[in-house]
Structure formats: C-alpha cells, structure tokens
Amino acid sequence: MNYWLMKSEPDVFSYDDLVRKGKAEWDGVRNHAAQGHMKAMRKGDLAFFYHSNIGLEAVGIMTIVEEAAPDSTDDSGKWIAVHVAPHEKLAKPVSLKAMKADSTLSDMVMLRQSRLSVAPLSKAHFDHIVAMSKA
DNA sequence: GCCAACGTTGGC
DNA sequence: GCCAACGTTGGC
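FYI, in our numbering the residues of the first sequence are 36 to 170.
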C-alpha cells in the first residue's frame, strides 16, 4: 500500500465537496510528474487531501477507489485521472506551517517541490501527519 | 539540442 | 500583488 498527498484549491473543490459527492474523479492534472504518481496509485491506497491557496492545510484522508483511466475532462486522450472517495476527516487540520516546522518531515516531497500537485509520501510521514492531526 | 522568454502554480 | 520555482514553447 502506498501513501500520497493531493492538492486542490478548496474554492474549486474541497474535502467537504468530496464528502458530499461520495466519490469523484481527480481530474485536470496536467503535469507529467504528477501523472506518473497517479499511474502508480492502486486501489486502497490512502492520500491526504490538501487545501492549497486557501487554508494551506491537510484536512482529510481519501482512498483511491479506481486506478488510472482516461481523464474525462481531456479531449486529447493523453492524460489520466484516478477516482477517490473520502476515508476520514482529520480531527484537526495539519497546516503547511506545522509540517515545515517539523524536522521529521523535512524531506517530504511536497515540501521540497511545492508546485507538485500529487506527491508520494512514506508510511512514516503519513503516520506522523495523522498523529499530528490528533495531537 | 540549447536556451531565452513566457506562462502557471503556490506561498507569502 | 509579488516572487520563486518549475514547465513549456519557439527561435536558432
């Protein structure tokens, strides 16, 4: 099982929107590195839902429910998307600030490459962030 | 194939 | 609103 972090601007699509819908296609990713990560996702993998731009915090955990398939918003046929469903809302959001301040997360991909919208996460980092959300 | 110019994303 | 980081495009 692998762990991920996926970003969305909450005024466009928020974690609560996902809860309301129950399941959603994670579409619109137009970056090759991010696409590569989505192709590596397997059913049952867990991913943080991170609010970029507004909030700047991880707010919930979601599950990958469908693996890579053609992105329905793409006419060229070049891009893929996965489907996700809510898994668990974090008791307390974990802010970017808190993650940056935590030395155990210093080599997190997302912190090193802030523009990457889909980033892998080690189990250790995943568990650590979950623990932070319960602190 | 290189590199400058430009566009986009995301944090501050 | 600005800037840094990164990706993409186009001229050579």
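C-beta atoms are modelled at their ideal positions from N, C-alpha and C, and glycine is treated no differently.
Taking residue i and residue j to be in contact with their CB atoms under 8 Å, please state how far apart those CB atoms are, rounded to whole angstroms.
i           : j           : result
residue 73  : residue 103 : 6 Å
residue 125 : residue 93  : 7 Å
residue 60  : residue 118 : 5 Å
residue 86  : residue 49  : 7 Å
residue 122 : residue 143 : Not confirmed; about 20 Å, so no contact.
Are the beta-carbon atoms belonging to residue i and residue j less than 8 Å from one another?
i           : j           : result
residue 84  : residue 76  : no
residue 36  : residue 153 : no
residue 168 : residue 132 : no
residue 89  : residue 129 : no
residue 68  : residue 146 : no
residue 114 : residue 70  : yes
Strictly by DSSP, which residues pair up with residue i?
i           : result
residue 42  : 85
residue 117 : 61
residue 128 : DSSP lists no partner for residue 128.
residue 99  : 119
residue 156 : 38
residue 104 : 116
residue 93  : 85, 129
Could you tell me if residue i is buried or exposed, where buried requires 16 or more neighbouring beta carbons within 10 angstroms of its beta carbon?
i           : result
residue 57  : exposed
residue 47  : exposed
residue 106 : buried
residue 80  : buried
residue 170 : exposed
residue 95  : buried
residue 82  : buried
residue 166 : exposed
Indicate whether the contact test is met: 3 or more Cβ pairs, each with one atom in the region 57-65 and one in the region 137-149, closer than 8 Å. Result no; under three Cβ-Cβ pairs closer than 8 Å.
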